[in-house]
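Contents: one structure, followed by commentary.
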Amino acid sequence: MRLSRSVAVFILFFTAGSGTTVYENEFTEEDTTPQLDYTNPYWCHPPGLTNGEVTCHSPRGRAYRSTLGTRCQMSCDRGYRLLGRRSVMCLANRRWSGTAYCRKMRCHVLPLIYHGRYTCTQGFMVDSRCDFTCDTGYRIEGEPSRICQHRGSWSGVQPVCSDTDPPKIKCPPSRLKVAEPGKLTAKVTWDPPTATDTAHKSLDVILVGQEPGTDFKEGLHIIRYKVYDQARNRAACKFIVRVEVRRCPELFPPLHGYLSCSSNGNNYGATCEYHCEGGYERRGVSSRVCQFNRSWGGDPAECVPIEIKADVKTAPALLDQFYEKRRLLIVSAPNMSDPDYQLQNIMIQKADCGLALRHVTVIELLGSPPRETGRIKESLLQPQVIEGLRQAFRISRSYFSMVLLDELGLDRERFISPVGSDELFSYIDSFLLDEEEREKLELRSDFCD
Ligand SMILES: *[C@@H]1O[C@H](CO)[C@@H](O)[C@H](O)[C@H]1NC(C)=O
Ligand SMILES: *[C@@H]1O[C@H](CO)[C@@H](O)[C@H](O)[C@H]1NC(C)=O
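Quick note on numbering: the sequence shown equals residues -19 to -1, 1 to 430 in mature numbering (1 follows the signal peptide of the UniProt record, and there is no 0).
In structure tokens:
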């Protein structure tokens, strides 16, 4: 009713609520009992309401806004709330029956939101609109603005800023690694992937696969990384680690010999050692290594029959040829028809392969001068060599005996009656072979069958 306002609204000083300025109606009290005058248009002070509207009904008509008996309705403008009387009457004591006041209405202070902010057109006043925005990496959920409604409450509900952007992760490039020398694995390392997120600094990066810096087996390995931000948004990446074992062509053992190889036999860094069977000795390199370029270092070695020069002049010259290479079994008997010798001879012939494996050479000394013979297989020894051996090892011509010498030419055991191969071998294996020789012998135990 804007039209009636200019007419109906007058400035009226009211006793308002506490804390507000109080004005008394301006009139003089002439009598204790005033004369009631229903015709006085200004019996009461003209009514008025700041930021509001006063609508009055006077029994005398429109022009008499503050005559005695006038009743006025108070209402506040939009955004204001009425405190006090909604309806007042001009009383006989020339006062209005009550007071009213329009107080500006506000909405409550809007709470702050996490990871976002708001800006308002007129603060928290009625009709103000507050627009919400979120920090980078966050998206608004709910209505992006709220309005302070005219009754002092906010429209809608408070929105939230939630992290909906997944993080980003970048894996290192795939890589190929050659297995380390002498191994079938490679130690592979890489820098952990870089993960970023618009919203969060702290991210959970999870490795799915083998740890860096550990030994990877030959073949393909897929390494995955997953990353979660605090809102459980996820990203992932992967790369491949390939381990290659470089191999040389297979190496063949020499004729009359064999190989013992380290590692996997023919992988990069593997070493193969050449060994020769009894009665043969190695000519050439003792071992070859499989190189990075997939070829074997050096040239193949050969196993050639051991050549013993029987026609030397002295016993030491003969023994020198065996020094650190061969063991010796010296068999001595008065003559070829000696029964012990014959029995032993049969047993030795049967044990020939086993003796060869154990690197034992047999020397026979038979009879007495001038028809004395000494021989290694078919090679005959000089008489002074025979004599030298008999003296050095105190071997009698008058009865059957055998002397076993180790690789240093030391007299280790003596037999005065024929022995079977089992007994002889078990003695050699237990006392004359070193650990490595025993192992090799075991590997080749079926060789003589
Ligand atoms: C392999 O490399 C070695 C040196 O490490 C070289 O002597 C040899 O000739 C190379 N072999 C081949 C087939 O390239
Ligand atoms: C062989 O030696 C034995 C003693 O061991 C002797 O009795 C025998 O007569 C010898 N035989 C020959 C043919 O010399």
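Ideal Cβ positions, reconstructed from N, Cα and C, are used throughout, including at glycine.
Could you tell me whether the Cβ atoms of Cys53 and Thr36 are closer together than 8 Å?
yes
Would you call the region 234 to 248 and the region 178 to 196 in contact, with 3 or more CB pairs under 8 Å?
Using a Cβ-Cβ distance cut-off of 8 Å, the region 234 to 248 and the region 178 to 196 are not in contact, since fewer than three pairs of beta carbons, one from each stretch, lie closer than that value.
Between the region 136 to 145 and the region 118 to 126, can you find at least three pairs of beta-carbon atoms closer than 8 Å?
yes
Does the region 304 to 322 come within contact of the region 387 to 397, defined as at least 3 CB pairs closer than 8 Å?
yes
Might you give, ordered along the chain, the residues of its own chain that have their beta carbon closer than 8 Å to the beta carbon of Tyr45, omitting 5 neighbours on each side?
Pro22, Ser39 and Thr51
Beta-carbon separation (whole angstroms), Phe197 vs Val226, contact threshold 8 Å
Not quite, the Cβ-Cβ distance comes to about 11 Å (not below 8 Å), so this is no contact.
Per DSSP, what kind of secondary structure is Gly335 in: helix, strand or coil?
DSSP places Gly335 in helix when its eight states are reduced to three.
Relative to ligand 1, what is the chain-ordered list of residues with a Cβ closer than 6 Å to any of its non-hydrogen atoms?
Gln272, Asn274 and Ser276
Looking at Ala291: is its Cβ nearer than 8 Å to the Cβ of Ile357?
yes
Under the three-state DSSP convention, the category Arg371 falls into
helix
Alpha carbons only, please: which of Asp172, Ala296, His202 and Arg67 is nearest the one belonging to Lys158?
His202
Asn74 burial status per 10 Å Cβ neighbour count (16 or more: buried):
exposed
DSSP state of Leu322, grouped into three classes?
According to the sequence displayed, residue 322 carries Tyr and not Leu. The answer is helix: DSSP assigns Tyr322 an H, G or I state.
Contacts around Leu91, its chain only, beta-carbon distance under 8 Å, and the 5 residues preceding and following it disregarded:
Tyr99, Cys101, Phe105, Cys111, Arg127, Trp135 and Gln139
Residues in its own chain within less than 6 Å of Thr252 by CB, not counting five upstream and five downstream?
Ser243, Ser268 and Val270
Taking the alpha-carbon of Ser379 as reference, which of Gly369, Gln372, Ser398 and Gly348 has the nearest alpha-carbon?
Comparing Cα-Cα distances from Ser379 to each of Gly369, Gln372, Ser398 and Gly348, the minimum goes to Gly348.
What's the gap between the Cα of Glu11 and the Cα of His26?
Model confidence at Glu11 stands at a pLDDT of 47, short of 50, so the residue's coordinates are unreliable; what they give is reported in the following sentence. Each residue's alpha carbon lies about 16 Å from the other.
Burial state of Phe406 (16 or more Cβ within 10 Å)
Residue environment for Phe406: buried (at least 16 other C-beta atoms within 10 angstroms of its C-beta).
Collapsed DSSP secondary structure at Ile376 in the structure displayed:
DSSP places Ile376 outside both helix and strand once states are collapsed to three, so it counts as coil.
Bridge partners for Met55 per DSSP, in chain order?
Val35
Find the nearest neighbour of Leu324 within the set Pro174, Tyr239, Val400 and Val222, judged by alpha-carbon distance.
Val400
Is Val107 helix, strand or coil by DSSP?
Assignment of Val107 by DSSP, reduced to helix, strand and coil, places it in the coil class.
What residue range does the alpha helix (DSSP H) around Phe406 cover?
Ser402 to Phe412
Ile287 in three-state terms, based on DSSP:
coil
Compare the C-alpha of Cys43 against each of Leu309, Val312 and Thr20 and name the closest.
In the sequence on display, residue 43 carries Arg and not Cys. When only C-alpha atoms are compared, the closest one is Thr20.
Arg339: which of Gly60, Leu309, Arg395 and Leu346 sits nearest, CA to CA?
It is Leu309.
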